[in-house]
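Asker:
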Amino acid sequence: MNLTTARIAWRNLWRHPQRTLLMIVVVAFGSWVILVMWGITDGFFSSMTRAYVMENQGSFQLRARGYADDPIPENGLTPEQVDAAEASLSGLRIRAMTPRLETSGMLRSAYGTDGVAIRGVAPVKEQLVTKLQENLTAGRYLAHSGEILLSNETAERLDIRLGERVVLIAHGEKGTSSQAFIVVGLFSSALAELNRTALIPIDDARALTGWDGGTAIAVSIPPGVSTPRIVTEARACVPAGIEV
997 MNLTTARIAW
1007 RNLWRHPQRT
1017 LLMIVVVAFG
1027 SWVILVMWGI
1037 TDGFFSSMTR
1047 AYVMENQGSF
1057 QLRARGYADD
1067 PIPENGLTPE
1077 QVDAAEASLS
1087 GLRIRAMTPR
1097 LETSGMLRSA
1107 YGTDGVAIRG
1117 VAPVKEQLVT
1127 KLQENLTAGR
1137 YLAHSGEILL
1147 SNETAERLDI
1157 RLGERVVLIA
1167 HGEKGTSSQA
1177 FIVVGLFSSA
1187 LAELNRTALI
1197 PIDDARALTG
1207 WDGGTAIAVS
1217 IPPGVSTPRI
1227 VTEARACVPA
1237 GIEV
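According to my numbering, the sequence shown holds residues 997 to 1240 in order.
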């Protein structure tokens, strides 16, 4: 564009100054809205990712190879694999790790029955990997056998209150089994998956399912440490038959 063309274009812009100013305002406002929406969307996804890691899954997990194709306890980690997997990570820069045993089942209260995901956890270790204990709205975290932790959503749906007795029903290696639990804590979460999960001590989950191992080992890493780098290192050192 030469100087003459630029001058003509400039004069045309201000031949109708109100229209030009209106277009400038419209474009500026539209650009501002787009930037704000990008910021809100990015913040939302960052918040959900952080909640998923801190409240639910940890930084990454170890599972038995092929477990995802048929996620039942019998396709999970054997007790020997749990021990070997934990030992293989001992030299990496991780903060904590904990075994889990997950299955599906039914939760029965005095007022109804509903399907839930059952997650057996090691109470002390689990609190080093995830921070669900910070989301408690009533009661306390798991400490002893026969205790259960539920979401507010599940408690409201089945009219369950703190201190009440509920029953979990699950299918294990030897058929259907059930066990009674006392509700010791209620939590809130923005994660739909977690709101449908009942947490119990891992030894109770093993008794309920008849499986003495686990279905996952959840791992957390310290702040500032690269998760992709630790995952790569973990893949190089875990025993055969276990995947990250």
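Backbone N, C-alpha and C define an ideal beta-carbon position, used for all residues, glycine too.
(1) Go ahead and label Ala1232 buried or exposed: buried means 16 or more other beta carbons lie within 10 angstroms of its beta carbon, across all protein chains shown.
(2) What would DSSP say about Pro1075, mapped onto helix, strand or coil?
(3) Taking all protein chains shown into account, do 16 or more other C-beta atoms lie within 10 angstroms of the C-beta of Ala1201, making it buried, or fewer, making it exposed?
(4) Could you check how far apart the C-beta atoms of Thr1094 and Ala1118 are, in whole angstroms? I think they sit under 8 Å.
(5) Check whether the segment 1085-1100 and the segment 1175-1182 are in contact - that is, three or more C-beta pairs closer than 8 Å.
(6) Which whole runs of the beta strand (DSSP E) in the segment 1081-1137 are 3 residues long or more, in chain order?
(7) Just how far apart, CA to CA, sit Ser1222 and Arg1059?
(8) List the DSSP bridge partners of Ala1064.
(9) So what's Arg991 in DSSP terms, helix, strand or just coil?
(10) Compute the Euclidean distance between the alpha carbons of His1012 and Met1033, then round it to the nearest angstrom.
(11) For my contact list, Leu1085 and Ala1230 are in at a C-beta cut-off of 8 Å; report their separation, rounded to the angstrom.
(12) Report the rounded CA-to-CA distance for Val1022 versus Thr1193, giving the unit in angstroms.
(13) In terms of DSSP beta bridges, what is Phe1177 paired with?
(14) Ile1238 bridges to which residues according to DSSP?
(15) With H, G and I counted as helix, E and B as strand and the rest as coil, what does DSSP make of Glu1152?
(16) Find the nearest neighbour of Arg1136 within the set Leu1182, Leu1154, Ala1113, Glu1149, judged by alpha-carbon distance.
(17) Taking the beta strand (DSSP E) that Val1215 falls in, what are its first and last residues?
(18) Along the alpha helix (DSSP H) that carries Leu1146, what are the first and last residues, could you check?
(19) What residue range does the alpha helix (DSSP H) around Leu1204 cover?
(20) Would you kindly work out how many angstroms separate the C-alpha atoms of Pro1067 and Pro1219, rounded to a whole number?
Answerer: Quick answer:
(1) exposed
(2) helix
(3) buried
(4) 5 Å
(5) no
(6) 1092-1105, 1108-1117, 1132-1135
(7) 21 Å
(8) Note: Ala1064 sits in no beta bridge, so no partner.
(9) In this structure the chain extends from 997 to 1240, so residue 991 is not present and cannot be described.
(10) 32 Å
(11) 6 Å
(12) 48 Å
(13) Val1162
(14) Ala1060
(15) helix
(16) Leu1182
(17) 1212-1216
(18) Taken as a continuous stretch (DSSP letters only), Leu1146 belongs to no alpha helix (DSSP H), being part of the beta strand (DSSP E) at 1143-1147.
(19) 1198-1205
(20) 31 Å
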